[in-house]
Every structure is written in structure tokens, then in C-alpha cells.
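Report on the structure given below.
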Amino acid sequence: MDTMDQQSGTLDYRRGKISGAVYHGGDDLEKVIVAAYKHYCVSNPLHPSVFPAVRKMEAEIVAMCLRLYNNPNGAGTMTAGGTESIIMAVKTYRDWARATKGITEPEMIIPSSAHAAFDKGAAYLKIKVHTIPVDPVTRKADIKRMKRAINTNTIMLVGSTINFPDGNQDDIVALGVLASKYNIGLHVDCCLGSFIVPYLEKAGLAEGSNGKYKLYPFDFRVNGVTSISCDTHKYGFAPKGTSVVMYKNAALRRFQYYVYPDWSGGVYASPSLSGSRPGALIAGTWAAMQYMGDKGYLESCRDIVTCARSIADTIASSIPELYVLGSPPASVVAFGSKHPKVNILEVGDMMSKKGWHLNGLSGPPALHIACTRLTVTMVDTFIADLKDAIKEAKITPNGKGTMVALYGLGNSSPLLCEVLSSKMHSIFNGSVSPASREQHIAIPLNEEEASIQPSFLPQSGSLSSLSPTDHDMSKEKERARLEIILEKECIFLKGTGVDVEPARLSGHVALYLSESTSIKEITLQFRGKARLPVPSHESISLNSAPLTFIVCNHEWSFLEGEKRHSHTLKAGRHFFPFQLQLGGSLPSTVSTTVFGGAFVAYKLRAHVSRPGLSHNLQSQIPVTIIRSFAPEALEYQQTLEIENTWPEKLMYSIMIPHKAWACGDTVTALVKFSPLLKGVGVLNINTSIHETVKVYTRTGHQEHNRAVASMKHEIMPMHYRIFLTRLVQGIAHLWIGSILSFCFFTPTVIPTLKQLSCNPSQQSSNQFVSQSSVKSGFQSRTWWPRQSITPGNRTLQLSDYNNSQEAMQRVPDYQIASRGFIGGVPPLTSLRDLPSYEDSQLGTRTRSDSDLASRFAGVSLSPMATVAE
Ligand SMILES: Cc1ncc(COP(=O)(O)O)c(C=O)c1O
């Protein structure tokens with residue numbers, strides 16, 4: 001094993017330079033655990049009657065944890081780790097909600113800082129997840145937004161004490177209030193907080209210092225908390241593969257169990273995911289807890305938290321380039337860069353070179369260190385190395401940082417899943433060292449190149465020895481190919497005003513080489529352009545060329561070193577990950593053919609240059625950016641209603657359940673007629689959806705109108721009808737209740753819904769058209785469906801009002817609703833900040849790069865390419 005360690009480059013965790021991962025309780029404790037393990041080496045608690053002592057130890061571990069989290073009468077089970085504890089809690093709430101509330105399409109609401117295990121559980125158990133961004137400053141769950149996301153299918157909320165990314169704590173008391181009010185579960189993830197957070201109070205550290213690091217209530221004493229996960233294998237210093245999930249009461253825990261009484265193998269019952277379980281780990285955990293005792297955990301809490309706070313304080317007081325994320329109360333400290341010349345991920349790379357193994361975070365870019373007992377003595381070294389790393393990153397910036405590219409992207413991206421699966425595949429079949437930190441992932445073409453195949457894996461005939469992709473590759477041996485693979489081709493910027501959730505553009509540049517090839521440079525450019533036509537009345541007297549603006553520009557260069565040096569890349573597939581936070585006021589992708597054509601378009605362009613006369617490779621793909629309201633926006637909830645009278649003939653009202661709709665959705669409207677004259681009836685209603693394109697130019701604007709869809713609804717003899725109009729499928733530039741506008745002077749779309757009033761006017765003897773007009777507002781003319789009402793001679797009947805009412809209350813599917821919509825762009829005041837807007841005013845670029853960069857969250861903006869004056 002020493003040889004294996006040496007050959008594979010296993011890091012020496014005892015040097016204390018690893019963030020989290022290894023929670024070592026000391027050499028003596030290690031001996032105790034090994035002895036316990038040896039004693040129960042082959043035991044299996046699936047059969048408690050054979051190993052009653054193991055069963056007793058498990059019960060005692062759970063009981064000790066319940067006491068620690070102030071719920072001695074509660075219930076719980078052991079699991080194989082934090083992830084399993086979380087998945088089990090998710091299953092419990094799913095089954096509980098199904099059994100007690102009949103919920104068949106369960107949903108859960110989690111803050112964006114919640115551990116990925118919740119998403120994993122939701123994916124396994126088919127639960128819809130609403131991920132709510134945390135407050136960018138406090139890094140705590142946004143309670144208001146979480147509340148807004150609750151609906152009748154919600155089964156649970158999640159809060160952490162402490163969260164993994166930045167070690168901050170959510171407001172569990174406020175979450176508890178919501179959970180109680182809506183009678184849903186609240187799981188508090190204390191997997192990481194484990195044996196630290198329950199001891200902070202006793203250690204005298206719960207109040208924090210200088211107004212920072214305060215710990216708020218989080219355990220079962222908080223009203224509404226129904227379950228907690230606590231990892232014994234983290235700060236409990238137990239062997240890896242152990243955790244505890246606890247419930248408010250045993251009745252709730254019942255929903256965690258799986259029981260199958262009719263199995264041909266006998267009655268099967270198991271408390272958690274695994275069937276057979278390692279009794280040895282339970283014995284090891286029990287032994288570790290006995291060994292540590294309250295006193296031991298109290299001491300370790302004091303040491304570790306003091307170490308973490310000392311790091312946080314030193315960063316705040318003596319490293320001006322960095323800032324600490326939030327106010328972490330326990331053992332984890334995350335820090336980002338506030339200096340334009342310091343890329344924190346490059347700092348991470350420098351720290352790696354100094355032997356540190358930190359975690360890279362992606363939203364925002366940051367590094368974190370989870371302090372352990374091994375870190376306690378390393379504070380000074382850490383700070384000194386960090387200061388050096390910052391200096392080095394400043395002096396020799398390479399324009400990228402690799403940590404997040406490899407470690408921080410692991411969410412639900414299909415592309416990334418493919419790449420990471422390949423990487424995992426390589427790790428598990430031995431072709432890539434898990435400890436390696438390559439900047440790109442190279443997957444060899446053939447078996448010979450998978451160099452360090454371990455001897456105990458089958459060399460041939462194994463499923464992994466010829467993957468379909470390897471096979472496909474062999475067909476393409478002749479050609480070198482360059483491809484850009486996007487995680488998502490469509491990027492949604494959700495939210496309005498300052499409340500825009502940044503979105504991530506990410507993916508890989510894939511280079512396929514059939515033979516070793518010399519490469520000079522691999523670059524990628526992301527560029528957004530806006531073009532608007534010259535108004536016809538201007539084109540003769542002024543410059544008649546269309547105006548083009550560069551909206552944003554960002555470039556990556558993937559190969560290290562100087563440009564003139566070539567690199568030789570092996571035959572095979574090479575993936576170069578990239579990512580960029582998009583946010584601020586980037587306009588939506590739009591295009592129109594009216595007025596000679598106008599657009600806002602984004603493109604990624606990759607380029608591989610090769611030395612000498614060898615031909616270069618190029619590839620480009622469009623990227624679509626769509627702005628929409630945040631899923632919980634009022635526009636999806638506010639009802640629109642108008643009422644009016646056709647004098648002496650008819651009173652009518654039209655109600656539309658919400659202002660914003662999704663493409664592909666069905667618009668429902670409730671129309672109610674009350675005849676004022678005997679013999680007046682309604683024969684049919686015509687509805688239509690109109691699109692207005694408004695193009696702003698230097699000297700004014702042009703407007704184009706068209707009906708996107710229209711429909712005639714025959715009226716049955718009743719007072720009111722629901723009528724439905726199918727919206728155009730796909731991503732169309734539609735706005736219901738408002739219009740699509742192109743505002744190229746400020747190159748973005750401004751469909752702002754205005755107050756409506758309805759002025760019916762008689763158009764012919766038997767028909768009137770109610771036409772919309774805008775009472776107030778700017779930029780957009782507002783559309784309103786024309787109600788064409790034909791009086792007939794039937795008397796209207798009152799009927800099924802209740803059903804109609806129900807349809808009106810139907811909540812739209814927010815996921816669909818926020819797809820395919822353009823809307824929710826910031827008001828004009830914030831658009832004034834668009835550099836292209838300002839530059840078009842000034843004709844020059846006045847602001848510094850850093851100023852722009854900071855406001856555009858990672859998007860570097862260049863001035864307009866052409867501003868024709
Ligand atoms: C807050 C939090 N929850 C859950 C987990 C998952 O734990 P495990 O890796 O033991 O599955 C972790 C792991 O770091 C964590 O920090």
C-alpha cells in the first residue's frame with residue numbers, strides 16, 4: 001500500500017494542508033477505532049439478532065446525537081454518510097407528504113448554498129427542486145423568496161448549520177416559522193456542523209466576537225425543525241462512512257423505512273439505503289464517541305473554531321485583496337477577491353503548488369478552507385502562503401484559474417456530467433490519478449494510452465475497455481476537429497432591476513486529435529453584438545450603414561505559457577472547460593427582419609492556431625440569452641381584470657389570471673357578460689395576441705405590429721366562458737398583456753406591462769371593439785386583446801362559475817413560464833448604465849475596465865466597435 005500511495009501520489013493529510021476531507025482525531029483515537037473495527041470486522045447489522053451488540057451501539061450513537069441536538073425523545077438512524085442521511089430525510093418527507101397530504105408531485109425548496117446531496121436525493125426520488133439564491137452579502141437563505149416558492153406541492157424546506165460552500169448558517173428560526181405555518185418538513189443540514197455547532201455555546205463561542213461569527217438557534221429546540229443530519233465521520237472523528245439522520249419523533253422516522261413483506265426471500269425491512277451494513281463502522285463510531293466524550297468534543301470545537309476565526313480575522317484585517325464571505329460561525333472560511341488584478345482561482349492554483357488542497361467555489365468565485373484538528377497549528381503557514389500566492393497571482397496572472405473549472409461546476413449539467421463521468425470512469429479504471437489537477441481533461445483514444453491500468457482490474461473484456469465513444473472516435477481518426485459544447489445553449493437571466501440572478505455560461509471546448517499535434521494556442525471568445533438599421537429617413541443624408549455595437553466581450557486562452565511556444569497534445573479528446581458569470585444588464589437575444597433587420601446576438605468562437613503552415617481550426621456557435629422574470633415574480637401571480645359597460649346593452653368583465661405567460665402555455669381568460677337589455681346576447685368572442693416590435697434609433701423609434709395568433713370563440717348560452725388561446729410553441733418573442741419592444745438605443749428589450757384601460761367603441765351596428773390604451777408609462781405600447789362582441793338574441797344563463805373560478809386560480813408552471821419569455825428587464829434608469837448606451841451618448845469610453853468588470857459580474861465589456869455618428 002505504501003508503494004501504491006507513492007506511485008499514485010497520495011497527499012500526506014497529516015501535514016494539515018487539506019481543507020476538510022480528512023477529520024483526524026489523533027493517533028490514539030485512530031488506534032481505538034482500528035481495534036473496534038477489528039472486533040466487529042465482518043459484522044452486519046442487517047441481522048440484529050446475530051449482532052445485538054452492534055444494534056445496541058447504533059442505538060446509543062443515535063441517542064447521543066439526539067441529546068446533543070436537544071431532542072432526547074426523538075428518533076433517528078445511522079447512515080453511510082451525509083449524503084445518505086440527506087437522501088433519507090428527503091425520502092421521509094416525500095412518503096410522509098404522500099401519505100398524509102396526498103401529494104403526488106412533491107417539491108422542495110432549498111437555498112443555493114444547500115449541499116448537492118439534496119439535488120441528488122431529489123433526482124433519485126423524483127422531486128422537483130426550487131433553488132433559491134442566498135443573500136449575496138450574508139450568504140444566508142433568502143427567507144422571503146423561499147416563502148414565495150412554497151405551494152401546495154411543497155413537502156420540505158432546507159437550511160444549513162453550517163453550509164458547505166462558505167460555512168455560513170441559515171436563519172433556521174425563520175425557516176421554522178414557515179415550516180410550521182405551512183405544515184411542511186424542515187431539514188437542518190448539520191452534516192458539516194456535526195460535533196462543532198452543538199458545542200459552540202458551551203465553548204463560549206456562540207456569541208461570536210466584534211459583531212461577527214454569531215451562531216443562531218438551529219437544533220430541535222427551534223419550532224418547526226423536524227429533522228437534522230449530523231455526520232459522525234466529520235467533526236465526530238469517527239471512521240469514514242458514518243452519519244446520523246434524526247427526526248423530531250419516531251412517527252416521522254417510519255416514513256424512512258423500506259419494508260417488503262411479500263418478498264420470496266422472506267420479509268425484508270431496512271432502515272436506510274443499504275441492505276447489509278458494516279457493523280465495524282458502527283463499532284468504530286461508538287468507540288470514537290466514547291473516547292472523545294463531551295470534553296474532547298468541546299476542546300476540539302474550541303481549537304478548530306478559534307483557528308477558523310483567526311484565519312477569517314486575519315484575511316479581513318491584513319489581506320486587503322480578499323474578503324470573507326458572510327460571517328461564518330464555525331469551522332469553514334470562504335474568501336473571494338475584491339481586487340481587479342487578483343483572480344482568486346489563480347490564487348487557489350498557487351496554493352495548490354504550495355501543497356494546499358483547498359476547495360474552489362463558483363458562485364461567487366472563491367476558495368474555502370474547512371479547518372480540522374490538523375489545520376489548527378497551520379494558521380500562520382496558511383496566511384503566509386496565502387499572501388505569497390496573492391503576490392504571485394498578481395505578478396504572473398495567467399488569465400484563468402483551474403480549480404472551479406474542475407471542481408465547482410458539478411451541478412446538473414448534462415455536458416458536465418458527461419465529462420465528469422468520463423473523468424470518474426478514468427479514475428475508477430485507473431487512467432487518471434484522482435489527485436491530479438490538470439487544467440484540461442484528456443481522454444486517451446486507445447487502451448495503450450491509458451497508461452497506469454492497475455493490475456487488479458481486468459485488462460481486456462471489461463465493460464470499460466471499449467466505450468462507445470472510443471469506438472466512435474476510431475472512425476474519425478483522420479481528421480482533427482474542434483467543437484464547442486455548451487452546458488446550456490440558452491442562458492436565462494431571471495429577475496428584474498438589481499434583483500437579477502446571475503447565470504453561468506459554461507461548457508467545454510473539445511479538441512479531437514487523431515495524432516500527436518503541435519498547437520500554438522487555443523482561444524475562445526464570447527462576444528455579444530447588437531445591430532440596428534438606419535431609419536429610412538436618415539439613410540440618404542447620413543451614413544447609411546447599419547449601426548453595430550459590441551455588447552460584451554470575453555476571451556479565454558487555454559494553453560499555458562507564452563504564445564510563441566508550441567505545445568504538443570497527444571492524440572485523443574481534449575476538453576477545455578470554461579465558464580463565465582453573466583449578469584447585470586446584458587440584453588436578451590432578439591432579432592427581427594422588420595425595418596431592414598435588427599438583432600442582439602451572442603456567439604462563442606473557438607480557435608486553435610498551429611505553428612508554421614499547418615491549418616488552423618475554428619468553431620463557433622450561437623448562445624441565446626433570454627431575460628425573464630424570476631419564477632416567483634408577481635407578474636406570474638397578479639390578476640388583471642377590466643370591467644366595462646356597453647351603455648344600455650351589456651356589462652362585461654374580462655379577467656386574466658396573471659400578467660406574464662409562457663410560450664407554449666394556454667392563455668386562460670374569464671369573460672363575464674351581464675345583459676342590460678332584454679334580448680341582448682353574445683354570439684362569439686374573437687381573441688388575438690399581438691406582437692409589437694419597436695426599434696429605437698438615434699432619432700426616434702419605429703414600430704411594427706402583427707397579430708401572432710387569433711381565434712374565434714363561439715359563445716354558448718351562459719353568462720361567461722373561459723376561452724383559451726394556444727401560444728406559439730418554442731422560444732418566441734412574445735409578451736402577453738404587453739409587447740415585445742426592441743430598444744436598440746439602449747440595446748435591450750423593454751416589455752413593461754402598463755396599466756390598462758378599456759374604451760369600448762361601437763364599430764358597427766352589431767359589433768363593438770374594445771381597444772386598449774396605455775394610461776401611463778414609457779417605452780412600450782401595451783397590447784390588450786380585442787374583445788369583439790356580437791350581440792345576439794339569446795338570453796344568457798348563469799352556470800358553472802365555480803369551475804371557471806378554479807381554472808382562474810391555476811398556478812402556472814413556473815419552470816415553463818420562465819422559459820421562452822422575454823421580459824423583466826430593468827427599468828430605463830438601470831439601462832442607462834449599459835456601457836453601450838453611455839458610450840453611444842459620449843462617443844468615447846470613459847470607464848475603466850475594473851469598474852465595468854465589477855458591475856458586470858465577470859463579463860468584460862469592450863467599447864462599441866462602431867458608433868456611426
Ligand atoms: C453541509 C454538508 N452537507 C452534506 C454533506 C455530504 O456529506 P458526505 O460527503 O458525508 O456525503 C457535506 C459534505 O461535506 C456537507 O458539508
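According to UniProt numbering, the sequence shown is numbered sequentially starting from 1. We put the CB at the ideal spot given by N, CA and C, even for glycine.
Beta-carbon contacts of residue i that lie in its chain and below 7 angstroms, excluding the five residues immediately before and after
i	result
G16	L374, T375, T377, M378
S653	E641, I642, E643, K672
R98	T104
F51	S43, N44, P45, G279
S19	H357, L358, N359, H368, I369, A370
V551	G528, K529, A530, L586, P587, V600, P747, S836
R481	Y512
A312	V324, P328, V333
E84	S243, S272, L273
residue 901	For the chain, the structure presents residues 1 to 869; residue 901 sits outside this window and is missing.
E515	A571
Delimiting residues of the alpha helix (DSSP H) encompassing residue i
i	result
D385	379-395
E30	27-39
T517	Premise fails: T517 lies in the beta strand (DSSP E), 517-519, not in any alpha helix (DSSP H).
R605	Segment 598-609 is the beta strand (DSSP E) holding R605; no alpha helix (DSSP H) there.
M57	52-68
V324	Looking at the DSSP string, V324 is not in any alpha helix (DSSP H); the run it does join, the beta strand (DSSP E), is 322-324.
L215	Careful: L215 lies outside any alpha helix (DSSP H) and carries neither H nor E.
residue 887	Residue 887 lies beyond the stretch modelled for the chain, which goes from 1 to 869, so this question has no answer here.
Whole-Å CB distance - residue i paired with residue j, under 8 angstroms assumed
i	j	result
G507	I484	7 angstroms
I319	I390	7 angstroms
I150	G193	Wrong, their Cβ atoms sit about 25 angstroms apart, outside the cutoff.
N684	H713	6 angstroms
L157	L186	5 angstroms
F549	A530	4 angstroms
F220	Y93	The Cβ separation is near 16 angstroms, so there is no contact.
F195	L29	So it is not a contact: roughly 13 angstroms between Cβ atoms.
residue 947	L676	Not covered by the structure: residue 947. The range shown for the chain is 1 to 869.
Residues bridged to residue i (per DSSP)
i	result
D119	According to DSSP, which records beta bridges pairwise, D119 is partnered with nothing at all.
G507	L486, F578
A530	F549, V600
E107	K128, T154
I656	L640
E501	K494
E555	Q525
L374	Note: L374 sits in no beta bridge, so no partner.
Same chain, Cβ closer than 6 angstroms to residue i, five either side skipped, listed in chain order
i	result
Q525	E555, R605
W96	F255
T795	Residue placement at T795 is poorly supported in this model, since its pLDDT is 23, which falls under 50; the coordinates are not used for a value here.
L175	L157, G159, L186
P239	I33, L281, G284
S112	T131, P133, V134
S451	Legend: pLDDT at S451 = 30, less than 50; position of this residue unreliable, no value from coordinates given.
K338	Y323
Any non-hydrogen atom of ligand 2 within 7 angstroms of residue i CB
i	result
N163	Ligand 2 is not part of this structure, which contains only ligand 1.
Other residues of its chain near residue i: CB distance less than 8 angstroms, five sequence neighbours each side excluded
i	result
V177	N223, G224
G76	V62, C65, L66, V244, V245, M246, Y247, R253
A206	L200, K214, L215, P329
M351	L358, L367, D385, L386, A389
L298	Y199, K202, A203
G74	L66, F220, M246, Y247, K248, N249, A250
Residue span of the beta strand (DSSP E) that contains residue i, given as start and end
i	result
D189	185-190
P577	572-582
A75	75-79
L640	640-646
R98	It is not in any beta strand (DSSP E) - R98 instead sits in the alpha helix (DSSP H) that spans 82-101.
S227	227-230
T589	From DSSP, T589 is part of no beta strand (DSSP E); its letter is neither H nor E.
| request: At 4 residues or longer, and completely inside the segment 232-283: list those alpha helix (DSSP H) runs for me, N to C. | output: 250-253
| task | Please specify which runs of the beta strand (DSSP E), each continuous and at least 3 residues long, are wholly inside the segment 334-372, giving them in chain order. | result | 359-362, 365-370
| request: For the segment 130-186, list the alpha helix (DSSP H) runs that are entirely contained and at least 4 residues long, ordered along the chain. | output: 143-149, 172-182
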